[in-house]
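Some notes on the structure that comes next.
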Amino acid sequence: MKLRKPLLLAAKGGGSAIVEAQFAHYGLDVDLEYIDWDHLRDDAGRLKQVNPLMEVPTLVLPSGQVISESAAITLYLADVYPLRSLLPAPEDAHRAECLRWLMWLVCAVYPTFTYGDHPERFVDKAVAGQLKLSTDKRREVLWQQFETQIDPGPYALGKDLGALDLYLAVMCCWRPGPAWFAEHCPKMYSVAARVAALAQFQPVWQRNRLTW
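Read in order, the letters of the sequence shown correspond to residues 1 to 212 in UniProt numbering.
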């Protein structure tokens with residue numbers, strides 16, 4: 001697949017919104033192809049052709065190379081556009097902390113949605129509801145752990161906007177929802193609300209119907 005500019009396969013309101021926001025930050029032109037949530041797993045769809053997992057975000061570069069997984073795309077964009085990088089520089093004291101929490105978000109929190117959103121894909125229907133409830137509860141515990149680890153200043157790692165802040169802004173809109181975060185994780189919610197109000201991201205939030 002040869003393209004004139006990157007193609008982002010996305011689904012409204014999902015993790016692809018985090019990547020959309022990164023493209024907006026970097027001022028990069030990208031083609032967006034939204035896939036209805038009900039059709040993400042269509043065998044005949046373009047998504048399966050480039051990503052057998054049939055998950056978004058999936059980024060197709062003009063060369064035809066494919067990058068899936070939001071963290072991988074985050075690292076790629078930061079490497080290619082270092083002057084506006086959303087990651088701390090290698091010599092920055094916050095670098096290790098940023099990488100730690102970036103991977104924590106995608107390795108610890110994301111799976112609670114993978115298994116909780118469609119539990120019937122992984123367990124018998126008789127216990128699918130139990131899996132959803134347990135993953136929802138686990139997610140709340142994880143977020144409360146994270147809440148104890150940040151001290152917004154005003155962003156998650158200090159005065160500069162970073163990739164973690166975009167993750168928090170979007171993920172705050174997911175279960176258990178903004179009202180829960182405002183009550184139980186006010187520091188995290190303050191970061192999300194600040195990012196949600198930034199002018200450069202308004203088109204992204206509107207396209208994805210994200211509200212706080």
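Note that CB positions come from ideal geometry on N, CA and C, so glycine has one too.
Shown here for residue 150: same chain residues with a beta carbon closer than 6 Å to its own, the five before and five after excluded, namely 156, 187 in chain order. Per DSSP, reduced to three states, the secondary structure at residue 71 is helical. The three-state reading of DSSP puts residue 31 in strand, counting E and B together. Boundaries of the beta strand (DSSP E) around residue 60: 58–60.
The three-state reading of DSSP puts residue 155 in strand, counting E and B together.
Under the three-state reduction of DSSP output, residue 3 falls in the coil class, being neither helix nor strand.
Residue 60 and residue 6 have their C-alpha atoms spaced approximately 6 Å apart. The three-state secondary structure of residue 9, taken from DSSP, is strand. For residue 109, there is no enclosing alpha helix (DSSP H), as DSSP gives it neither H nor E. The way I'd put it, the region 156–171 does touch the region 7–25; three or more beta-carbon pairs between them come closer than 8 Å. If you check the CB distance, residue 142 and residue 109 come in under 7 Å. Around the beta carbon of residue 93, a 10 Å sphere encloses fewer than 16 other beta carbons of the protein chains shown; the residue is thus reported as exposed.
Going by DSSP, residue 141 is part of the alpha helix (DSSP H) stretching over 125–147.
For the pair residue 24 and residue 145, the CB atoms are not nearer than the 7 Å cut-off. Between the alpha carbons of residue 212 and residue 154 lies a distance of about 18 Å.
Linking residue 121 to residue 115 through their CA atoms gives a straight-line distance of about 8 Å.
Bridge partners of residue 204 according to DSSP: none are assigned. Taking the Cα positions, residue 66 is about 11 Å away from residue 47. Secondary structure note for residue 150: it is in no alpha helix (DSSP H), with a DSSP letter that is neither H nor E.
According to the DSSP assignment, residue 40 belongs to no alpha helix (DSSP H), since it is labelled neither H nor E. As far as DSSP is concerned, residue 170 takes part in no beta bridge. Beyond the five residues adjoining it in sequence on each side, residue 33 comes within less than 8 Å, by CB distance, of 7, 8, 9, 10, 46 in the same chain, given in chain order. DSSP links residue 66 through a beta bridge to 60.
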